[in-house]
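Residue numbers (this note's numbering): 27 to 133.
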């Protein structure tokens, strides 16, 4: 549902882009919408920001943890490998732990 929402918004806003550029925008939009929903799991707020407050580009600034909106437990951002984790964490300290079904790194 989140990817479909992102694609609809991007295709509506950027209908005249060439296929190569459109694909990059669709990928960016999908990531932005999923990331925003992880931070603020409310479709009402997500859609309001997209439609009324600046579009997908404003999601990162306006969709944050909000008092009164329940968070999902252990909010996580899946990564495809250690390189992605190191890139996300940059120079920050982080902890690692073994799990039965994979690994976890947390800042």
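Glycine included, each C-beta is placed from N, C-alpha and C at the ideal position.
Taken in chain order, the complete alpha helix (DSSP H) segments of 4 residues or longer contained in the region 39-88 are 45-65, 69-78 and 85-88. Bounds of the alpha helix (DSSP H) holding residue 110 are 108-115. Per DSSP, reduced to three states, the secondary structure at residue 105 is coil, with no helix or strand assignment. With a 10 Å radius around the Cβ and a threshold of 16 neighbouring Cβ atoms, residue 121 comes out exposed.
A check of alpha carbon separations from residue 60 across 72, 125, 40 and 78 identifies 72 as the nearest.
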